[in-house]
Amino acid sequence: MGNKWKEKNVGVSLRRGTSVRKVVVNENDGSQAGYHVEHWDDHQDAVATPKTVAVKVKADLKEE
Amino acid sequence: MAWTASGLYVLNWIDLLDATQLAINTSLTTHKIAMYDNVETPNFSSEVGYAATNEVTGTGYTAGGQVVITPGTTESPAGTLMYDLGDQVWASPTSVTAYGSKLYADALAADNLIVAHNFGGAFTSTAGTFTIQWAATGVFTIDLTP
Numbered sequence: 001m002g003n004k005w006k007e008k009n010v011g012v013s014l015r016r017g018t019s020v021r022k023v024v025v026n027e028n029d030g031s032q033a034g035y036h037v038e039h040w041d042d043h044q045d046a047v048a049t050p051k052t053v054a055v056k057v058k059a060d061l062k063e064e
Numbered sequence: 001m002a003w004t005a006s007g008l009y010v011l012n013w014i015d016l017l018d019a020t021q022l023a024i025n026t027s028l029t030t031h032k033i034a035m036y037d038n039v040e041t042p043n044f045s046s047e048v049g050y051a052a053t054n055e056v057t058g059t060g061y062t063a064g065g066q067v068v069i070t071p072g073t074t075e076s077p078a079g080t081l082m083y084d085l086g087d088q089v090w091a092s093p094t095s096v097t098a099y100g101s102k103l104y105a106d107a108l109a110a111d112n113l114i115v116a117h118n119f120g121g122a123f124t125s126t127a128g129t130f131t132i133q134w135a136a137t138g139v140f141t142i143d144l145t146p
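If you're matching them up, the sequences are chains A and B in order. In terms of the working numbering, the first sequence opens at residue 1 and continues consecutively. In terms of the working numbering, the second sequence opens at residue 1 and continues consecutively.
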């Protein structure tokens, strides 16, 4: 199945002036990590959307 | 995959708060963001300063990275310190592949590291723009009132 999919898409190029956005999946948790934008003229943009580093002070420390 | 986590650099945050009084001023626009390949393995407990080892190379990318844009430290939401930045853009034509980034204080002699972000995968720009689009909830937050 995978090979067939690949074969069907080999050589497929975008129409002049168009682009396609492809999501990049986060390898750690499966969420969306960002995306690539592929352009008809073969250049590609990358947009990484990293998550906020969220630090929490442990609530139980307030009692110490 | 060498990048497995994002985080703050512990040694520098200790020095920031203790008698060392490390002068990491979050308002500075001289801080820089450098990007790294997949060989890089951040060690949040031992690393102190920026290093070029495993930093990405390619058209449009200069070693050391770029200065940050519109830094701000505010309370958001209530009880939480939030550090935020404008989106970081390497203009076209940039051709690099990056897996993560490190923010560091370029104005300090040791180029002290502040925070690193795991992108979660490979991001490649080919003669295009490379953007780090920060979350609406900021670059990092410290919830001081859990």
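For each residue, glycine too, the CB sits at the ideal point set by N, CA and C. A quick note: this is a predicted structure, and the numbers were derived from the prediction, not measured.
- For B/T126, DSSP records a beta bridge to A/Q44.
- In the displayed model, B/V139 falls within coil according to three-state DSSP, outside both helix and strand.
- A straight line joining the alpha-carbon of B/P77 with that of B/P146 spans about 12 Å.
- Put simply, of B/A109, B/P71, B/S95 the residue whose alpha carbon is nearest the alpha carbon of B/V139 is B/P71.
- Interface flag for A/K56 against chain B is set, since a Cβ pair is found closer than 8 Å.
- In terms of Cβ geometry, B/L85 and B/V68 form a close pair [threshold 8 Å].
- At a cut-off of 8 Å between C-beta atoms, A/G34 counts as an interface residue with respect to chain B.
- The beta carbon of B/L144 sits closer than 8 Å to the beta carbons of G79, T80, L81 from its chain, once the five residues preceding and following it are set aside; these are given in chain order.
- In the structure shown, the three-state DSSP call for B/A91 is strand.
- Within the DSSP secondary-structure output, B/H117 pairs in a beta bridge with B/S101.
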